[in-house]
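Trainee: In full-length UniProt numbering, the protein residues as written are 1 to 120.
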Amino acid sequence: MLLDVAIRFGLSWAAIEAIQKLFNKLCGKKVFPESKYLFKKLCDVNLSDIVFHFYCAECKVILAETTGALQERQQLQVECAVCHKAYEGRDLVRTGSFFLVCPSISSSQQSFQARQLGRR
């Protein structure tokens, strides 16, 4: 859920770490890892592997794709080929006019599976 909020509002890793620490203080125990490295490991996600697909809120037509890079999403400017409405990436994220495609198998899982296959 924290990762969903981070992506939707374009939070920096510093902001995510601060939220993690806040939750830990409020809960009185470590419910989230307090470092970016451990959080990414826990979520098993690498934002550079995620592909954002943006669509027109009116027509539902795919407008563009970007990588997980925040700067790329924020700089996106696109026009719908059907209704000719102009969009900016940050507004598409803010309104939820996107979906994500993540790799189905993480590199750590691939590595583990490769080692398991080698033992057979």
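We treat Cβ as the ideally placed atom computed from N, Cα and C, and that holds for glycine.
Give the DSSP bridge partners of Leu100, in chain order.
Mentor: Phe52, per the DSSP bridge assignment.
Trainee: Candidates Thr66, Ile16, Cys27 and Tyr55: which alpha carbon is nearest Gly96's?
Mentor: The residue with the shortest Cα to Cα distance from Gly96 is Tyr55.
Trainee: State whether the stretch 57-67 contacts the stretch 10-20, with contact taken as three or more CB pairs (one from each stretch) at a distance under 8 Å.
Mentor: At 8 Å Cβ cutoff, the stretches do not touch.
Trainee: Measure how close the beta-carbons of Phe52 and Leu100 come, nearest whole angstrom, since I'm counting them as under 8 Å.
Mentor: Indeed they touch by this definition, with Cβ atoms about 6 Å apart.
Trainee: If you draw a straight line from the alpha carbon of Ala69 to that of Ala57, how long is it in whole angstroms?
Mentor: Distance between the alpha carbons of Ala69 and Ala57 is about 22 Å.
Trainee: Just to confirm the assignment, what range does the beta strand (DSSP E) spanning Val93 have?
Mentor: Note, Val93: premise wrong, no beta strand (DSSP E); alpha helix (DSSP H) at Gly89 to Thr95.
Trainee: Put Val31 into one of helix, strand or coil per three-state DSSP.
Mentor: Coil.
Trainee: Measuring only the C-alpha atoms, how far is Ile105 from Ser48?
Mentor: Only weak support exists for where Ile105 lies, its pLDDT of 49 falling under 50; the value from the coordinates is given anyway. Each residue's alpha carbon lies about 14 Å from the other.
Trainee: Please report the distance separating the alpha-carbon of Gln71 from that of Lys30.
Mentor: Cα to Cα, the separation comes out at about 31 Å.
Trainee: CB-CB under 6 Å to Leu92, same chain, minus the five flanking residues each way: which ones, in chain order?
Mentor: Closer than 6 Å at Cβ, skipping near neighbours: Phe54 and Phe98.
Trainee: Taking all protein chains shown into account, do 16 or more other C-beta atoms lie within 10 angstroms of the C-beta of Leu26, making it buried, or fewer, making it exposed?
Mentor: Classification of Leu26: exposed, given that the 10 Å Cβ count is below 16.
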